[in-house]
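K.L.:
Chains as they are written, first to last, in this note's numbering: chain A, 820 to 931; chain B, 6 to 122.
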């Protein structure tokens, strides 16, 4: 299976702190995405980073990608209670297959 | 609402019954995907349509599962002779073809939660 793994599985922080989540995957990729899922809801795309990029920013989000280590990290700065959700990394397949391979997710709880 | 719509939101059925779920993608999206998600796990790919053509199927999609997208718009996923192991959230996603090969940003519906008793 190409499904990746997120680390940690669960993270609990105080509002205003930064949250860092890590993702590892198994094969080469074209790009890596991060998605967010509120409890019982669908996934929402947050940010995409291409395989030739090392870092990308979007608002309070910062994503890094290390293709040599097959790993990525998502940093959420100045967290808010509304950031409480599960976060998943998703990779594609270098052959161009259209499905995404999702990691196991990190459950983030931001305490007000 | 112009997002991906899934119906029903919840389905409770008895083992052995057939169930059908519907997905209405974002109207201009050519690509449609079905995923299954069990508790505490990430979504797992089931099948993919480009317009009305079913182009990819996962090995997870057993003979009891069938998906259609007859007019290239909405899609249905049917599970025949349901088993308790089919209990999961079934997610539908869509994406436009115009993103290009290097991108595959998908837009998800809220899912259908299936409970097989």
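Glycine residues also receive a C-beta, built at the ideal position from the N, C-alpha and C atoms.
Which bits of chain A does residue 110/B rub up against, with CB to CB less than 8 Å?
P.N.:
Within chain A, the residues near residue 110/B are 852, 864, 867.
K.L.:
CA-CA distance, residue 860/A and residue 872/A?
P.N.:
Cα to Cα, the separation comes out at about 30 Å.
K.L.:
Of all the options 851/A, 886/A, 894/A, 911/A, which has the alpha carbon lying nearest to the alpha carbon of residue 835/A?
P.N.:
The candidate whose alpha carbon is nearest that of residue 835/A is 894/A.
K.L.:
If you draw a straight line from the alpha carbon of residue 845/A to that of residue 875/A, how long is it in whole angstroms?
P.N.:
Each residue's alpha carbon lies about 21 Å from the other.
K.L.:
Can you list, in chain order, the residues of the region 37–63 of chain B whose Cβ is nearer than 9 Å to any Cβ on chain A?
P.N.:
Correct list: 38, 40, 42, 45, 46, 47, 48, 49, 50, 51, 52, 53, 55, 60, 61, 63.
K.L.:
Between which two residues does the beta strand (DSSP E) carrying residue 930/A extend?
P.N.:
Per DSSP, residue 930/A belongs to the beta strand (DSSP E) from 925–930.
K.L.:
Just checking my contact of residue 904/A with residue 856/A at CB under 8 Å: how many whole Å lie between their CB atoms?
P.N.:
So it is a contact: roughly 6 Å between Cβ atoms.
K.L.:
For the region 914–931 of chain A, enumerate the residues whose C-beta is nearer than 9 Å to any C-beta of chain B, in chain order.
P.N.:
Taking 9 Å as the Cβ-Cβ cut-off against chain B, the residues of the region 914–931 of chain A that qualify are 915, 916, 917, 918, 919, 920, 921, 922, 923, 924, 926.
K.L.:
Any idea what DSSP makes of residue 904/A, helix, strand or coil?
P.N.:
DSSP places residue 904/A in strand when its eight states are reduced to three.
K.L.:
Would you decide whether residue 20/B is buried or exposed? Buried here means 16 or more other CB atoms lie within 10 Å of its CB.
P.N.:
Exposed, because fewer than 16 other Cβ atoms sit within 10 Å of the Cβ of residue 20/B.
K.L.:
Less than 8 Å between CB atoms is the rule here; does residue 911/A satisfy it with respect to chain B?
P.N.:
Yes, residue 911/A counts as interfacial toward chain B.
K.L.:
If I measure Cβ to Cβ from residue 2/B and keep anything under 8 Å in the same chain, skipping five residues before and after, which residues do I get?
P.N.:
A query on residue 2/B cannot be resolved here, the shown segment of chain B reaching from 6 to 122 and no further.
K.L.:
DSSP state of residue 89/B, grouped into three classes?
P.N.:
Helix at residue 89/B.
K.L.:
Hey, quick one: how far does the beta strand (DSSP E) through residue 838/A stretch, first residue to last?
P.N.:
It spans 838–843 - the beta strand (DSSP E) in which residue 838/A sits, taken as one unbroken run.
K.L.:
Tell me the rounded alpha-carbon separation between residue 25/B and residue 99/B.
P.N.:
Their backbone Cα atoms lie some 19 Å apart in a straight line.
K.L.:
Using 10 angstroms around the beta-carbon of residue 109/B, count the other beta-carbons present and answer buried if the total reaches 16, otherwise exposed.
P.N.:
Classification of residue 109/B: buried, given that the 10 Å Cβ count is 16 or more.
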